[in-house]
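Structure first, then comments.
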Amino acid sequence: MDPNELSQALSVASPVESFNEAPIEPPSTSFSAQLNSSPQPPPEVSAPSLNNNRPGFKYKYPEAAPTPPGEDDAEWNKVYTAADSRFYNRNGKNAEKSRKFRQAGDTYQLALVMMAEKKEKMKAGTVAPNGRVVVPKSKAAKKPATVVKKEPSSSSRDVTPGGMGIPLSISEQIKANGRAAKAPSAAPSSKQGTPVPSSSKMGSPPPPAPKLDRPPPKKKGTAALVKKHARPKGPERPILPPIRPGQTPVPKTNNASDSDSNDGGEYCVCRGPDDHRMMVNCEGGCDEWYHCSCINMVVEDAKELLDRYICPRCQTDELFTTWKRMCRYNNVGEWMDWDHPCRKAARVTEDPPSKYCSDEHRDEFWRFVRDNLARTDQAPSMGGRLNVQEVADILDHCKDNSQLQNLGKKPRLPIPEGYDSKGRPIGLEYVTPEGKAELENIEKKKKIIEQRIENCVLQQQLLRMVHARASAAAEHPECAEKGLCGYDNRLSFNEEEFAHWLTTTEGKTAFESGKLGPRTEETKTISNRIIATDQVSTNGAVLPDELNNICLARGKGCVKHRQWRAIHSLDFSTHQGGLKLELDRLTSMANEIIEDAEGREAEKEYHAHNTVEVLF
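Numbering (full-length UniProt numbering), first residue to last: 1 to 616.
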């Protein structure tokens, strides 16, 4: 039976028809309406009015002004704020660092890049001017029912009433919509080889919406998978691999397309993509890539001179960025103020090593020295620049670079074979009797200074023992003041008094046990005890040993001994530093006497044939 005749027969046989004056039209959500629907183009969005550098417009950051030509002030303000947020988040949410990026203009440049990317997405039709993603929607169009000829079929789907205009239940509509959303496949629909109906005969559903990079909305109670962007590897990345000394930088290849190199990852301090700009890798442990333009590094220097790059986050006293030695011909370019001096690496790793990048630059350097730096006259030099003949004589005299470097230094005697110095310089064997007497005098002074330095160290130890004794005295039951001064007049010993005190039993016991005791009758004659006007006096009362020879006044109220700990600590440290400088000066004097004796012996052969003529 024809489907239309079957539909009419069912409508006549329906008992509901007798109660309705007009036939019920099928709803638009039926399966047949969906099959006959066609996609409609999205409505056009009217372009908003453009305000470019409108007077009185208030930017969130003053550095965002002026708005680039052709851009809206409000839209530019949003993009600039988003660019500033990138710097803020990637620098540990440090507002001071993000402010420096704004003042340097880095935020403005990043905002221009972000605005250009946004325009590209708008042209592609995936982003509306308000920044939202636009997905084309299809509206079901109402069309008359299509007449389908009766054909035999082995599928049970052809006899279902879902496609005949009869209203479906909600569950059937959902199932039908799900089947309609599936794209037709060229594969058989069953193992028996039943083909899928062609889309030309059946009403095809609207084409699926283009897939966007935007992830689907999260469902409540489900965990979202975090997909990390893998860093590009291999030669497809237009970046600079770590260059080791002695290696030649590999030129950048242009085989990779834009889509291959821009992988969508975030790199550098700007958190931008790999966009064909030169990048360097941090070898300090973070393995992060940085654009040369973002770290103020010249691209050509990165290719030719960079040895190892360490970012500021990984930089330490032992780990830092290193560079290769530059060609010496660069000095000529700097001297002559050239626009493009040579900035290539010297061949220091080759055999033999060279300070120049090529033999041509080596020859050009010495031609420049000959023509511009050496004097052309034949007058002898008197401490100034050498003339050409003098330079030639020096180069003829020096057999190797070591002899050239030793010019102008004091002559040295060769070490005899089998000579066992044991820390004794060879020049000491040739010191004159006057020099030996001077060395003995210097050695006596050095021993005295070394003893004074040792006593100064012991005075610092005494200061620590006095502080510990004052802290213990504050906890004594008979101490009225808990925050007492605690000063001990043994800290006021000068060098002679302290040296005498060290020889007494009291001093020996203190440094052997590491604990300072009270003053004894033996040491009271070394320094008299003076009681301040506001100091607590015992009036002849006998104090326990823990409180003997301690200032019992309130700490903040004792004017005489105010900040005695800091004052004595600084005094001992300064005095010790001065003694060490004096010791170094005496050591230099002794070394100079020995070196002069060695120099005289080394020059004996040179002056052996000199004669003195008396002219008058």
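Where a beta carbon is used, it is the ideal one built from N, C-alpha and C, also for glycine.
Proximity of residue i and residue j at Cβ, strictly below 8 Å
| i | j | result |
| --- | --- | --- |
| Glu288 | Tyr267 | yes |
| Arg277 | Ser293 | yes |
| Thr376 | Val391 | no |
| Thr523 | Thr504 | yes |
| Leu484 | Ala473 | yes |
| Lys410 | Glu595 | yes |
| His476 | Arg565 | no |
| Asp601 | Tyr430 | Looking at the sequence shown, residue 601 is not Asp but Glu. It is a contact, given that the beta carbons lie within the stated cut-off. |
| Ser527 | Glu506 | no |
| Lys508 | Met465 | no |
| Leu463 | Leu491 | yes |
| Glu478 | Pro544 | yes |
Residue i to residue j span [Cα, whole Å]
| i | j | result |
| --- | --- | --- |
| Glu598 | Glu592 | 10 Å |
| Met115 | Ile295 | 22 Å |
| Gly435 | Gly423 | 19 Å |
| Met279 | Gln109 | 17 Å |
| Glu117 | Ala104 | 22 Å |
| Cys311 | Tyr290 | 9 Å |
| Val113 | Lys119 | 10 Å |
| Tyr309 | Asn281 | 7 Å |
| Thr248 | Asp73 | Low confidence applies here, because Thr248 scores a pLDDT of 38, under 50, leaving its location unreliable; read the following figure in that light. For Thr248 and Asp73, the distance between alpha carbons rounds to 49 Å. |
| Lys344 | Leu319 | 24 Å |
| Lys93 | His340 | 40 Å |
| Ile243 | Phe57 | Because Ile243 sits at a pLDDT of 39, beneath the cut-off of 50, its placement in the model cannot be relied upon, and the point is left open. |
| Pro210 | Ala124 | Annotation note: pLDDT 42 at Pro210 (below 50); position unreliable, coordinate value reported separately. Roughly 11 Å between the two C-alpha positions. |
| Arg412 | Tyr356 | 32 Å |
| Glu304 | Ser358 | 14 Å |
| Asn494 | Ile567 | 15 Å |
| Asn77 | Ala65 | 9 Å |
| Asp301 | Gly333 | 16 Å |
| Ala590 | Gly408 | 22 Å |
| Tyr606 | Met297 | 54 Å |
| Pro425 | Asn401 | 26 Å |
| Gln405 | Cys398 | 9 Å |
| Glu603 | Glu438 | 23 Å |
| Lys482 | Glu521 | 28 Å |
| Asn610 | Ala374 | 31 Å |
| Leu395 | Ser354 | 18 Å |
| Asp337 | Gln403 | 33 Å |
CA nearest to the CA of residue i, picked from the options
| i | options | result |
| --- | --- | --- |
| Ala510 | Arg469, Thr525, Arg90, Asn281 | Arg469 |
| Thr587 | Thr505, Asn441, Ser98, Cys551 | Asn441 |
| Asn53 | Pro68, Arg99, Tyr61, Pro62 | Pro68 |
| Leu502 | Gly486, Asn455, Pro477 | Asn455 |
| Leu306 | Glu364, Asp106, Thr321 | Thr321 |
| Arg452 | Arg585, Cys342, His575 | His575 |
| Asp106 | Glu71, Asn77, Glu63 | Glu63 |
| Gly486 | His561, Pro425, Ala437 | His561 |
| Gly285 | Val299, Leu583, Gln315, Asp337 | Gln315 |
| Ala480 | Leu547, Phe57, Ala346, Asn406 | Leu547 |
| Lys447 | Asp584, Asp301, Val79, Val298 | Asp584 |
| His361 | Phe493, Leu373, Cys342, Asn372 | Cys342 |
| Glu71 | Leu50, Asp274, His609 | Leu50 |
| Asn372 | Lys97, Ser354, Asp396, Trp335 | Trp335 |
Whole-number beta carbon distance between residue j and residue i, since they are thought to touch under 8 Å
| i | j | result |
| --- | --- | --- |
| Pro518 | Asn549 | 6 Å |
| Arg102 | Tyr61 | 6 Å |
| Leu579 | Ile449 | 5 Å |
Distance cut-off 7 Å: residue i Cβ against heavy atoms of the ligand ZN
| i | result |
| --- | --- |
| Pro411 | The model on display carries no ligand, and the ligand ZN is accordingly not part of it. |
Query raised in the report: Can at least three beta-carbon pairs, one atom from the segment 80 to 100 and one from the segment 266 to 280, be found at a separation below 8 Å?
Result: yes
Margin query: With a threshold of 8 Å, are at least 3 pairs of Cβ atoms found where one atom belongs to the segment 367 to 382 and the other to the segment 350 to 357?
Written below: no
Do three or more CB pairs link the segment 454 to 470 to the segment 557 to 572 at distances below 8 Å? These segments touch.
Given 8 Å as the limit, is there contact between the segment 357 to 374 and the segment 329 to 339, that is, 3 or more CB pairs closer than that?
-> yes
Three or more C-beta pairs closer than 8 Å, one from the segment 552 to 567 and one from the segment 412 to 421: is that the case here? no
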